[in-house]
Amino acid sequence: MLKEGATLTKLIHPVLLLAPTAYQVEEIESILCQNDTVQFEVVNCTSCTDAFNLLDKEPIYTTILLNLPLANKTNIHVLGELVKKFPDKSIIIIADEVYRDKGISLIKEGAQDFILKSELTASRLSRAIQFASERNTIRKEAKSVAIKSQEHYQDVFNKSKDAIYICDLDGNLVNYNKSTASLLDISYDKLQSIDIHNLMYSQKRRNDFLVRLVAAKNVEDFEMEIERPQGERRQCLITARMMEHTDFTGYTGIIRDITEQKQAESLKKARNLAHQSAKMKEQFLASISHEMRTPMNAILGMSNLVIQTDLDEEQHNYISSIKQSSEILLGVVNDILQISEIQNGKVKFENKNFNLHELLNNLINVMQYKAKEKKLGLELVQDDGTPTIIRGDKLRLNQILYNLVGNAIKFTDSGHVKIYVVNLNQNSYSVQIKFIVEDTGIGIPPDKVDAIFESFTRIRTKDRIYEGTGLGLSIVKNLVEQQGGKIGASSEFGAGSNFFFDLIFEIGEELEFDSDAPAEILLDRDAPIKLLLVEDHKMNQLVAKKTLEKQWKNIKITIANNGKEAITILEKELFDIILMDIQMPIMNGYEATQHIRHKMPAEVAQTPILAMTAHAHISQDEKFKTYGMDDYVLKPFEPEQLFKKIGQYALINKTVR
Ligand code: ADP
Numbered sequence: 000m001l002k003e004g005a006t007l008t009k010l011i012h013p014v015l016l017l018a019p020t021a022y023q024v025e026e027i028e029s030i031l032c033q034n035d036t037v038q039f040e041v042v043n044c045t046s047c048t049d050a051f052n053l054l055d056k057e058p059i060y061t062t063i064l065l066n067l068p069l070a071n072k073t074n075i076h077v078l079g080e081l082v083k084k085f086p087d088k089s090i091i092i093i094a095d096e097v098y099r100d101k102g103i104s105l106i107k108e109g110a111q112d113f114i115l116k117s118e119l120t121a122s123r124l125s126r127a128i129q130f131a132s133e134r135n136t137i138r139k140e141a142k143s144v145a146i147k148s149q150e151h152y153q154d155v156f157n158k159s160k161d162a163i164y165i166c167d168l169d170g171n172l173v174n175y176n177k178s179t180a181s182l183l184d185i186s187y188d189k190l191q192s193i194d195i196h197n198l199m200y201s202q203k204r205r206n207d208f209l210v211r212l213v214a215a216k217n218v219e220d221f222e223m224e225i226e227r228p229q230g231e232r233r234q235c236l237i238t239a240r241m242m243e244h245t246d247f248t249g250y251t252g253i254i255r256d257i258t259e260q261k262q263a264e265s266l267k268k269a270r271n272l273a274h275q276s277a278k279m280k281e282q283f284l285a286s287i288s289h290e291m292r293t294p295m296n297a298i299l300g301m302s303n304l305v306i307q308t309d310l311d312e313e314q315h316n317y318i319s320s321i322k323q324s325s326e327i328l329l330g331v332v333n334d335i336l337q338i339s340e341i342q343n344g345k346v347k348f349e350n351k352n353f354n355l356h357e358l359l360n361n362l363i364n365v366m367q368y369k370a371k372e373k374k375l376g377l378e379l380v381q382d383d384g385t386p387t388i389i390r391g392d393k394l395r396l397n398q399i400l401y402n403l404v405g406n407a408i409k410f411t412d413s414g415h416v417k418i419y420v421v422n423l424n425q426n427s428y429s430v431q432i433k434f435i436v437e438d439t440g441i442g443i444p445p446d447k448v449d450a451i452f453e454s455f456t457r458i459r460t461k462d463r464i465y466e467g468t469g470l471g472l473s474i475v476k477n478l479v480e481q482q483g484g485k486i487g488a489s490s491e492f493g494a495g496s497n498f499f500f501d502l503i504f505e506i507g508e509e510l511e512f513d514s515d516a517p518a519e520i521l522l523d524r525d526a527p528i529k530l531l532l533v534e535d536h537k538m539n540q541l542v543a544k545k546t547l548e549k550q551w552k553n554i555k556i557t558i559a560n561n562g563k564e565a566i567t568i569l570e571k572e573l574f575d576i577i578l579m580d581i582q583m584p585i586m587n588g589y590e591a592t593q594h595i596r597h598k599m600p601a602e603v604a605q606t607p608i609l610a611m612t613a614h615a616h617i618s619q620d621e622k623f624k625t626y627g628m629d630d631y632v633l634k635p636f637e638p639e640q641l642f643k644k645i646g647q648y649a650l651i652n653k654t655v656r
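Numbering that gives the first Met the number 0 applies: residue 0 is where the sequence shown begins, and numbers increase by one.
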């Protein structure tokens, strides 16, 4: 019903009026009509059945005016039924005086407002209806927001990879997603009858979890093992929040499976640990080896001296054994030092012209002797096209080949060893060469082929004692790979092995002057030489002194125990040559050399200085040159090399003077 004269701009509120008689309907309608600010569209019913039918059909009636008492219904029940069936509607009760005391309980039952008929005015009623209508709008909006957020949560719930569930404190699941089923490895339907707490592995952990949850209402990232029905355990993190309602006490739980993550972490930890311990092992070995080298030098030097004295055969054999054993030991020490240097990335590779054919022929010549001892054939099979002069690190290539050919001879008892040199690729700038060392020896078991390139690997074989440290191939592999090459092996156990590697070299043009091969200028054995030996180690002083005195009858050796002493001596006396150790207390060899070169008078400053070092890499980095040393000699002394260098430099000095 539209109020007369109502304009269309006014808001229209649809209202359902349920009153016991037509008279009462009319009475309330007339009150509503008195309001001239709001417009109501009222539909009326005098029976509950009609009202329910209408509300079912016409959802726009969100406000209900319920006039009590009704003739044909128990009044309280009507309200109850309306609230139950149409929870979204706003019900305003208009009641006779007898209901005055019931107002509160009717509101509690779900009515939105309660107006006594005696107090019913147009403005009171229209306010109540307007308020009801606003409430409905708000409720609708809230509902749509709630639906949206519920949809969102439902989506998260369904799609989550984590198990999400609600259960009571006894572990009975009320709701759960598919991931719960897959994490627990139980079919979705079966889960309903499962006590989820039973799957939490340790009883103690489970109790801890529940006690914490109940006490703090909230548990985050609690580590727990879940045991699947087949016995497989998964490492998980549980986050849970208590739910306490009048009719339900339980919690929502989220379980994240972190098994793979944990495995990856522990793998990483183990790898780091292994890496660290390997590094520590190498560092330890390197420092031990370094410490061993000085006494080794002394033993070798002394044996060299003794062996040259008058000895009977027995004594000669003993000393030879000492000499040989110390040479082997020194080889081991050098290998260890070299591998630690290589692995620390300290090795620098040279790029100088060298004659490949000469290198290969020398290799064959040297190794031929060992092969003949074992009655093995040793042969070089070289591609015609391999260039003669190439650029690269000659010493390293030599080292690699000596190692592989040495092994091949060592592990072959009959047959042959062949070295193939194949030109894989060549352009005008570079050449890729493949070297293959083939033997007919004992071979390597198939499962060990990869392992032999690892440090300290030696294959246990019956009837063979270990020969070597198992470092050779590891050094070789590092040397090849650090020069950008590839190395591998194939073998037939009992029949022989093939070791192969390839490297790229620049094509060389002409040979540069090889500074490593000093001209053979030897001072004659009677020449008077004044030599200053700067060395802190007593044994090494003795070895050097005796070795040199054996070579030159008229040599005069003065000993300084460190750089400082050397300078003091040089302030008073001139020498033909200085042998300078590098590592020394008080003042080391580098500092002393710099002082001599830059702070002393010209005739002292120009004295040739040979560095003495146990570090084979000194020749590589040429650090000694930057400090002003002329050359170096390696300890333990190779007497011939020592004599040659002293002869060469001392003679030059004498000639200059
Ligand atoms: P080492 O420095 O002690 O000679 P390597 O690293 O060179 O050790 O070699 C490791 C192990 O690989 C050897 O102990 C041996 O068991 C195996 N091996 C190497 N070369 C051969 C080969 N040509 N034939 C059979 N076994 C070999």
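All residues carry an ideal CB built from backbone N, CA and C; glycine is no exception. Since the model is a prediction, treat every value here as computed from it, not as a measurement.
Practice problem: From the DSSP output, read off the bridge partner residues of His415. | Solution: Reading the sequence shown from its first residue, position 416 is the one you call residue 415. Answer is Gly376, bridged to His415.
Quiz item: Just curious, the beta strand (DSSP E) that Val37 is in, first and last residue?
Solution: In the sequence shown, the residue the question calls residue 37 occupies position 38. No beta strand (DSSP E) contains Val37, which DSSP labels as neither H nor E.
Quiz prompt | Close beta carbons around Lys644, own chain, < 8 angstroms, minus the five adjacent residues each side | solution = Within the sequence shown, the letter at position 645 stands for residue 644. Result list for Lys644: Pro517, Leu609, Asp630, Val632, in chain order.
Exercise. Answer with buried or exposed for Leu650, where buried requires no fewer than 16 other C-beta atoms within 10 angstroms of its C-beta.
Key: The residue labelled residue 650 in the question sits at position 651 within the sequence shown. That one is buried.
Practice problem: State yes or no: is the C-beta of Asp438 nearer than 6 angstroms to some heavy atom of the ligand FAD? | Solution: Among the ligands present in this structure, namely the ligand ADP, the ligand FAD is not found.
Quiz item: Looking only at its own chain, which residues have a Cβ that is under 6 angstroms from the Cβ of Lys544, when we skip the five neighbours before and after it?
Solution: Mapped onto the sequence shown, residue 544 falls at position 545. Correct list, in chain order: Ile556.
Self-check item: Rounded separation between Asn477 and Ser489 - CA only
Solution: Here residue 477 corresponds to residue number 478 of the sequence shown, with the count starting at 1. Here residue 489 corresponds to residue number 490 of the sequence shown, with the count starting at 1. Near 18 angstroms, if we compare the C-alpha coordinates of Ser489 and Asn477.
Self-check item: CB of Ala121 within 7 angstroms of CB of Gln33, strictly
Solution: By 1-based counting over the sequence shown, the position of residue 121 is 122. By 1-based counting over the sequence shown, the position of residue 33 is 34. Going by C-beta atoms, Ala121 is nearer than 7 angstroms to Gln33.
Quiz item: Taking the alpha-carbon positions, what's the Gln640 to Arg457 distance?
Solution: Counted from its first residue, the sequence shown places residue 640 at position 641. Counted from its first residue, the sequence shown places residue 457 at position 458. For Gln640 and Arg457, the distance between alpha carbons rounds to 34 angstroms.
Quiz prompt | Alpha-carbon to alpha-carbon, Lys56 and Val97 | solution = Stepping through the sequence shown from its first residue, residue 97 is reached at position 98. Stepping through the sequence shown from its first residue, residue 56 is reached at position 57. Val97 and Lys56: Cα-Cα distance of roughly 33 angstroms.
Practice problem: Please go through the same chain and pick out, in chain order, the residues whose beta-carbon is closer than 6 angstroms to the beta-carbon of Ile657, but skip the five residues on each side of it. | Solution: The question about residue 657 has no answer here: the residues shown for the chain are numbered 0 through 656.
Quiz item: Can the beta-carbon of Asp382 be found less than 7 angstroms from the beta-carbon of Asn422?
Solution: On the sequence shown, residue 382 is found 383 positions in, with the first residue counted as 1. On the sequence shown, residue 422 is found 423 positions in, with the first residue counted as 1. Yes, they are a contact pair.
Practice problem: Could you name the residues of the same chain whose beta carbon sits closer than 7 angstroms to that of Asn587, not counting the 5 residues immediately before and after it, in chain order? | Solution: As a working mapping, residue 587 is identified with position 588 in the sequence shown. Once the five neighbours on either side are set aside, the close Cβ partners of Asn587 are Gly562, Ile581.
Practice problem: Check whether the Cβ atoms of Gln111 and Ala94 sit closer than 7 angstroms, and answer yes or no. | Solution: Here residue 111 corresponds to residue number 112 of the sequence shown, with the count starting at 1. Here residue 94 corresponds to residue number 95 of the sequence shown, with the count starting at 1. No; because the gap between Cβ atoms is not below 7 angstroms, this pair is not in contact.
Exercise. Note down the Cα distance separating Leu212 from Ala180, rounded to an integer number of angstroms.
Key: The residue labelled residue 212 in the question sits at position 213 within the sequence shown. The residue labelled residue 180 in the question sits at position 181 within the sequence shown. So the alpha carbons of these two residues sit roughly 23 angstroms apart.
Practice problem: Look up Leu304 in the DSSP assignment and give the residues it is bridged to. | Solution: As a first step, residue 304 is located in the sequence shown; it is residue number 305 there, counting from the start. Note: Leu304 sits in no beta bridge, so no partner.
Quiz item: To which residues of the same chain is Ile11 closer than 6 angstroms at the C-beta, ignoring the five residues directly before and after it?
Solution: Along the sequence shown, read from residue 1 onward, the residue named residue 11 stands at position 12. The residues are Gln38, Glu40.
Quiz item: Got a sec? Which residues, its chain only, sit under 7 angstroms from Leu115 by beta carbon, not counting five neighbours each side?
Solution: For this step, residue 115 is matched to residue 116 along the sequence shown. Excluding positions up to five away in sequence, the list reads Ala94, Glu96, Arg99.
Quiz item: CB of Arg395 to nearest heavy atom of the ligand ADP: below 6 angstroms?
Solution: Numbered from 1 along the sequence shown, position 396 holds the residue referred to as residue 395. No, Cβ of Arg395 sits at least 6 angstroms from all heavy atoms of the ligand ADP.
Quiz item: On the three-state DSSP scale, how would you describe Gln582?
Solution: Sequence index remark: in the sequence shown, residue 582 carries index 583 (1-based). Of the three classes helix, strand and coil, the one that applies to Gln582 here is coil, per DSSP.
Practice problem: With DSSP as the reference, label Met295 as helix, strand or coil. | Solution: Residue 295 sits at position 296 when you count from the first residue of the sequence shown. Residue state, collapsed to three classes: helix.
Quiz prompt | Contact between the region 238-252 and the region 162-182 (3+ Cβ pairs under 8 angstroms) | solution = yes
Quiz item: DSSP puts Asn217 in a beta bridge; with which residues?
Solution: The residue given as residue 217 occupies position 218 in the sequence shown. Arg240, per the DSSP bridge assignment.
Quiz item: Helix, strand or coil: how does DSSP classify Leu650 here?
Solution: Mapped onto the sequence shown, residue 650 falls at position 651. Helix, per DSSP.
Quiz prompt | Contact test: Ile458 Cβ vs the ligand ADP heavy atom, cutoff 6 angstroms | solution = Indexing the sequence shown from 1 puts residue 458 at position 459. True, at least one ligand heavy atom lies under 6 angstroms from that Cβ.
Practice problem: May I ask which residues mark the beginning and end of the alpha helix (DSSP H) holding Met538? | Solution: Within the sequence shown, residue 538 is the residue found at index 539, counting from 1. Met538 -> alpha helix (DSSP H) spans 537-550.
Quiz item: Using a C-beta cutoff of 7 angstroms, does Lys393 count as contacting chain B?
Solution: The structure shown has no chain B; it contains just one protein chain.
Quiz item: If you count every other CB in all the chains shown that lies within 10 Å of the CB of Arg524, and 16 or more means buried, which is it?
Solution: Against the sequence shown, residue 524 aligns to sequence position 525. It is exposed - the Cβ of Arg524 has fewer than 16 other Cβ atoms within 10 Å.
Exercise. Below 8 angstroms CB to CB, which residues in the same chain sit around Ile474 once its five sequence neighbours on both sides are set aside?
Key: Counting from 1 along the sequence shown, the entry for residue 474 is found at position 475. Asp334, Gln337, Ile338, Ile341, Gln398, Asn402.
Quiz prompt | Through-space distance from Val331 to Gln282, alpha-carbon basis | solution = Along the sequence shown, one-based indexing puts residue 282 at 283. Along the sequence shown, one-based indexing puts residue 331 at 332. Rounded to whole angstroms, Gln282 to Val331 spans 15 angstroms at the Cα level.
Quiz item: Is the beta carbon of Ser89 less than 7 angstroms from the beta carbon of Asn43?
Solution: Translated into positions along the sequence shown, residue 89 becomes position 90. Translated into positions along the sequence shown, residue 43 becomes position 44. Not in contact: Ser89 and Asn43 (Cβ atoms no closer than 7 angstroms).
Quiz item: Helix, strand or coil: which one does DSSP assign to Pro13?
Solution: The count along the sequence shown starts at 1 and reaches residue 13 at position 14. Pro13 falls in the strand class under three-state DSSP.
Practice problem: Helix, strand or coil for Gln657, going by three-state DSSP, please let me know. | Solution: Nothing in the structure corresponds to residue 657, since the chain is present only between 0 and 656.
Quiz item: Would you call the region 486-504 and the region 414-432 in contact, with 3 or more CB pairs under 8 angstroms?
Solution: yes
Exercise. Give the range of the alpha helix (DSSP H) segment to which Tyr152 is assigned.
Key: What you label residue 152 is simply residue 153 of the sequence shown in a count that begins at 1. Here the alpha helix (DSSP H) through Tyr152 covers 121-158.
Self-check item: Backbone secondary structure at Ile554 - three-state DSSP
Solution: Taking the first residue of the sequence shown as position 1, residue 554 is located at position 555. Note: Ile554 maps to strand in three-state DSSP.
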